Amino acid sequence: MTVWQRYINTSVCDGLCWDAAVISTAQQQLLCAHQGGILAKVTEPEIQVLLSRKRDVLLTQGLTLGGLKCLVIRDNLYTEAHQFAMDLRTKIYGDNSSRAIAVVLANPVCLILIGRKGIPGGILGMKAFQTAWQWLLGRPKIRVWSINGHMVEQVTCFKYLGMLLQSLGERSAYHEYVAKLAQRLAQAILIFFWTNGRQYIPAALKLFQAKIISQLL
């Protein structure tokens, strides 16, 4: 069983999700889905429409996922707000109910969750965000530097000096909070480098001027 499949199985068993799928954003193809669910039938043309940079068609015509017609409620997948999320809603399904759908980008994948009957879109969206952050926090390190015996890791998660920050809301607000905290901590980290030797200063500046969120070990 793949890592993605374990996440899918866990999501469907938590009582909020009726169906779930993970899509590769690079290949634009289905990686895994809940067995027997609607999203297991998602086609590559449907994925291409979902991830297309041309968003006008989605807002006017909607889209289908696994043949299930969906309406776009909110589209912030590629907006400057950097929320990387979409809120959809199914049209009337077989049990005469409409279900919320949450779509979240967590490169290199896209997560799609369909809520159970009666689950609000806001709650489902929070579930999708939390799952996406778990993926990001568990992602392998991108690069590791060794500076005079001290290891400095470039990562994609928000972790500073052993303090882990968790997302409780929309990504845009979370990013703003992390950015402000990073500015304060950057100065403290520079002082740390200074007190342990002036030779560390260029390396520290390189990390933060590159606008990379770093974890210092």
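Here the numbering used here is used: the first residue of the sequence shown is 3, the next is one more, and so on. The beta-carbon is built from N, C-alpha and C at its ideal position, and this holds for glycine as well. On a predicted model such as this, the values are computed, not experimentally measured, just so you know.
C-alpha gap between residue i and residue j, whole angstroms
| i | j | result |
| --- | --- | --- |
| Asn109 | Gly38 | 26 Å |
| Gly127 | Val105 | 8 Å |
| Ile49 | Asn98 | 26 Å |
| Leu70 | Ala28 | 24 Å |
| Gly171 | Ala130 | Caution applies to Gly171, whose pLDDT of 44 falls short of 50 and renders its modelled position unreliable; the model cannot decide the point. |
| Gln7 | Thr133 | 13 Å |
| Trp135 | Gln63 | 31 Å |
| Cys34 | Cys112 | 11 Å |
| Val74 | Pro47 | 17 Å |
| Leu67 | Val44 | 5 Å |
| Asp58 | Leu79 | 13 Å |
| Trp137 | Val14 | 16 Å |
Endpoints, the beta strand (DSSP E) within which residue i is located
| i | result |
| --- | --- |
| Val106 | 102-108 |
| Asn78 | 70-78 |
| Ile25 | 19-26 |
| Gln31 | 31-35 |
| Ile116 | 111-117 |
| Leu2 | Absent from the structure is residue 2, since the part of the chain shown begins at 3 and ends at 219. |
| Leu90 | 87-92 |
Classification of residue i by the beta-carbon crowding that lies within 10 angstroms, buried from 16 upward
| i | result |
| --- | --- |
| Ile125 | exposed |
| Gly17 | exposed |
| Thr4 | exposed |
| Gln31 | exposed |
| Ile10 | buried |
| Ile94 | exposed |
| Thr81 | exposed |
| Val92 | The sequence as given places Thr at residue 92; Val does not occur at that position. By the neighbour-count rule (16 or more Cβ atoms within 10 Å), Thr92 is buried. |
Under 8 Å between C-beta atoms of residue i and residue j
| i | j | result |
| --- | --- | --- |
| Ile103 | Ile114 | yes |
| Trp20 | Gly123 | no |
| Cys72 | Leu90 | yes |
| Arg101 | Met88 | no |
| Leu52 | Leu65 | yes |
N-terminal and C-terminal residue of the alpha helix (DSSP H) that residue i is part of
| i | result |
| --- | --- |
| Arg8 | 5-14 |
| Ile121 | Neither: Ile121 is in no alpha helix (DSSP H) and is coded neither H nor E. |
| Glu46 | 46-53 |
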